[in-house]
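Numbering (the numbering used here), first residue to last: 5 to 175.
Please read the structure below before turning to the comments.
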């Protein structure tokens, strides 16, 4: 029974990913602090995982970020890109709660990238309407190969499920 369930989950994740085969237009995200900006075209040949996090004061974003940084550290062909729509100061304050500081947080100023990539908005969070939490996976060829849109603050793609999706795409 567990094997059938796992096979069904893998199929669902991969089939959802196969529907999204559009090449993503090159973009640049400013980094928080003095770090180098992220430029999509500079990651060519690698998988790029875009983590669209909610506004500051999001404990699920902290846990999600910590889990992905810790559990995917050994993946040499995968670039994790954590994105928040806040100001530099707000993100720096938020990042003080992270366990690691060996990675960069990027800004999606006014949520332009989220809009461009079709991450739905309209999620009510701290009396504001924001984009839903999302994970978009871009393949080594620059095409979107998978996306997961959370339905609420705590609805995030767990790392284990991400690893299953990634493994399915690599085989």
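All C-beta atoms, glycine included, are put in the ideal place defined by N, C-alpha and C.
The Cβ atoms of residue 27 and residue 146 sit closer than 8 Å to each other. A straight-line Cα-Cα distance of about 13 Å links residue 47 and residue 33. Take residue 45, set aside five residues on each side of it, and the residues of its chain with a beta-carbon closer than 7 Å to its own are 30, in chain order. Per DSSP, reduced to three states, the secondary structure at residue 32 is strand. Where residue 136 is concerned, there is no enclosing beta strand (DSSP E), because DSSP gives it neither an H nor an E. A straight line joining the alpha-carbon of residue 88 with that of residue 66 spans about 11 Å. In the structure shown, residue 158 adopts coil according to DSSP, grouped into three states. Contact between the region 152-168 and the region 85-105 is absent, with fewer than three C-beta pairs closer than 8 Å. CA-to-CA, the gap between residue 41 and residue 131 works out to about 30 Å. The Cβ atoms of residue 51 and residue 163 lie no closer than 8 Å to each other. Residue 107 has no beta-bridge partner at all, per DSSP. Comparing alpha carbon positions, the residue from 142, 161 and 115 closest to residue 49 is 142.
Exposed is the label assigned to residue 113, since fewer than 16 other Cβ atoms lie within 10 Å of its Cβ. Assigned with DSSP and collapsed to three states, residue 83 falls in strand. Residue range 148-153 is occupied by the beta strand (DSSP E) that includes residue 148. Distance from the Cα of residue 140 is smallest, within the candidate group 124, 70 and 128, for 124. In the three-state DSSP reduction, residue 128 falls in the strand class (E or B). Burial of residue 169 is indicated by the presence of at least 16 other C-beta atoms within 10 angstroms of its C-beta.
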